[in-house]
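Q: Here it is: the structure, laid out below.
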Amino acid sequence: MMPSAKTFRYHKFCRGMFSKFPSTEAHFIGCSFESCWFTEEQYSKCIFEDCDFSSALFCDCDLSSCTFNHCFFRNAIVKGQVSWPEGFTPSEVQQMQPLVNLPFAIFKNWFLCNEDLGAAELSFATFSRSTLYQLNFQAANLVRARFTRCVFDDVNFDGADLRGAVFEGCSLLNASFIRCSLEETSFRRSVYQESAKLDALAKAAMAATLGVRLEPRGELIGVDLRKTIIWDADLRGANLEGANLSGAHLGNCALDGANLRQANFSDARLTRVTLAGADMSGTIWIRAKFD
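Numbering (our numbering), first residue to last: 1 to 291.
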């Protein structure tokens with residue numbers, strides 16, 4: 001973890017990268033946040049001077065204690081509730097509105113190609129035996145949606161809310177899952193390939209329900225897996241340093257040789273989990289149960 005109260009000068013942040021940096025009392029001078037995502041976090045007392053937020057997405061975040069001096073927000077987008085500093089609202093920011101508003105909708109045997117469903121309201125929707133090719137679901141609300149035997153090849157789910165969604169028997173070739181909300185999301189009997197664009201949380205969510213092997217390359221550092229159900233996951237040698245697994249339920253998982261330093265397993269339940277050779281320095285086990 002990087003220290004708080006750090007100064008960044010003329011740094012160019014990549015899309016989705018900002019969350020890896022300190023969000024408390026940091027000072028950013030001349031930095032570029034073009035196409036970055038600011039989501040569901042409180043950025044406390046940060047100072048932004050001469051920064052470029054072009055095409056950035058601000059989604060349900062608290063920026064009220066921050067300071068913005070001579071910053072640019074061309075084509076920036078706001079979704080949900082965003083708290084700005086008192087008396088400050090960037091005029092260039094646009095409010096994202098849902099193009100499609102169909103909660104609880106049922107789609108069966110549909111074929112859609114190259115459609116824009118960005119910011120769509122599709123919570124609790126049901127898709128079955130449908131082909132959805134090269135669709136844009138960016139920032140869509142897909143809470144508790146259910147997808148059965150669907151093709152989602154080359155589909156963009158970046159920033160979508162997929163909490164509690166179920167992908168069962170789906171094809172996800174070349175799909176993109178960057179900065180998604182994936183709490184309790186399931187990918188049962190679905191397939192994806194290495195070229196799929198997955199951030200740490202998406203990789204972990206797929207590992208939880210597909211049993212896929214995650215290579216130990218540090219991609220799970222600090223990942224948030226609170227209250228996640230993880231079964232049959234091969235996490236041998238994975239780097240979970242600082243990960244939050246509080247309240248999670250792990251079953252039939254291999255964590256042998258994993259880096260679990262400073263990981264939080266408070267209130268977690270571990271059923272038939274192997275930990276041979278794992279580094280558990282500073283790991284938190286408060287009220288964790290082993291069976």
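Cβ coordinates follow ideal geometry from the N, Cα and C atoms, glycine included.
If we call anything under 9 angstroms between Cβ atoms a contact, is Ala-248 one with Arg-272?
A: The residue labelled residue 248 in the question sits at position 248 within the sequence shown. The residue labelled residue 272 in the question sits at position 272 within the sequence shown. Against a cut-off of 9 angstroms, the Cβ pair of Arg-272 and Ala-248 comes out as no contact.
Q: Are the CB atoms of Phe-147 and Ser-128 nearer to each other than 9 angstroms?
A: If you number the sequence shown from 1, residue 147 lands on position 147. If you number the sequence shown from 1, residue 128 lands on position 128. It is a contact, given that the beta carbons lie within the stated cut-off.
Q: Would you please state the rounded distance, in angstroms, between the beta carbons of Gln-134 and Asp-154? I believe it to be under 8 angstroms.
A: In the sequence shown, residue 134 corresponds to position 134, counting from 1. In the sequence shown, residue 154 corresponds to position 154, counting from 1. So it is a contact: roughly 5 angstroms between Cβ atoms.
Q: One question on the structure: do Phe-48 and Thr-67 come within less than 9 angstroms of each other, judged by their Cβ atoms?
A: As a working note, residue 48 is residue 48 in the sequence shown. As a working note, residue 67 is residue 67 in the sequence shown. Contact flag set, yes.
Q: At what residues does the beta strand (DSSP E) containing Val-100 begin and finish?
A: As a position in the sequence shown, residue 100 is number 100, starting the count at 1. Taken as a continuous stretch (DSSP letters only), Val-100 belongs to no beta strand (DSSP E), as it is neither H nor E.
Q: For the segment 5 to 89, list the beta strand (DSSP E) runs that are entirely contained and at least 3 residues long, ordered along the chain.
A: Whole beta strand (DSSP E) segments, 3+ residues: 7 to 9, 27 to 29, 37 to 39, 47 to 49, 57 to 59, 67 to 69, 77 to 79.
Q: Report back the beta-carbon spacing between Asp-234 and Ala-254 to the nearest angstrom; my notes put them in contact at under 8 angstroms.
A: Taking the sequence shown and counting its residues from 1, one reaches residue 234 at position 234. Taking the sequence shown and counting its residues from 1, one reaches residue 254 at position 254. At roughly 5 angstroms, the Cβ-Cβ gap stays under 8 angstroms, so Asp-234 and Ala-254 are in contact.
Q: Using only the alpha-carbon positions, how far apart do Cys-61 and Pro-85 sit?
A: Sequence index remark: in the sequence shown, residue 61 carries index 61 (1-based). Sequence index remark: in the sequence shown, residue 85 carries index 85 (1-based). If I take the Cα positions, the gap works out to 12 angstroms.
Q: Going by alpha carbons, who is nearest to Ser-176 out of Phe-152, Ile-106, Ala-165?
A: Your numbering for residue 176 matches position 176 in the sequence shown. Nearest of Phe-152, Ile-106, Ala-165 to Ser-176, Cα basis: Phe-152.
Q: Between which two residues does the beta strand (DSSP E) holding Gly-251 run?
A: As a working note, residue 251 is residue 251 in the sequence shown. Run containing Gly-251: 249 to 251, per the beta strand (DSSP E) assignment.
Q: Which of the three DSSP states is assigned to Arg-146 in this structure?
A: Locating residue 146 in the sequence shown gives position 146, where the first residue counts as 1. DSSP places Arg-146 in strand when its eight states are reduced to three.
Q: From the DSSP output, read off the bridge partner residues of Cys-269.
A: Your numbering for residue 269 matches position 269 in the sequence shown. Before going on, a small fix: residue 269 reads as Arg here, not Cys. DSSP output for Arg-269 lists His-249, Lys-289 as bridge partner(s).
Q: Under the rule that 16 or more other beta-carbon atoms within 10 Å means buried, what is Phe-104, buried or exposed?
A: Here residue 104 refers to the residue found at position 104 of the sequence shown. When all chains shown are included, Phe-104 counts as exposed.
Q: Counting only the same chain and skipping the five closest in sequence on each side, list residues whose C-beta sits under 8 angstroms from that of Ala-278.
A: Residue 278 sits at position 278 when you count from the first residue of the sequence shown. Contacts found: Leu-255, Asp-256, Gly-257, Ala-258, Asn-259, Leu-260.
Q: Run the CB neighbour count on Ser-91, radius 10 Å, all protein chains shown included, and call it buried at 16 or more, exposed below.
A: To locate residue 91, count along the sequence shown from 1; it is residue 91. Exposed, by the Cβ-count rule.
Q: If I measure Cβ to Cβ from Ala-125 and keep anything under 6 angstroms in the same chain, skipping five residues before and after, which residues do I get?
A: Taking the sequence shown and counting its residues from 1, the one referred to as residue 125 is at position 125. The answer, listed in chain order, is Ala-105, Ala-145.
Q: Measuring only the C-alpha atoms, how far is Asn-252 from Asp-291?
A: Position 252 of the sequence shown, counted from the start, is the residue given in the question as residue 252. Position 291 of the sequence shown, counted from the start, is the residue given in the question as residue 291. Taking the straight line from one Cα to the other gives about 11 angstroms.
Q: Report the three-state DSSP secondary structure of Cys-113 (helix, strand or coil).
A: For the purposes of this step, residue 113 is taken as residue 113 along the sequence shown, with counting starting at 1. Looking at Cys-113 - three-state DSSP - the assignment turns out to be strand.
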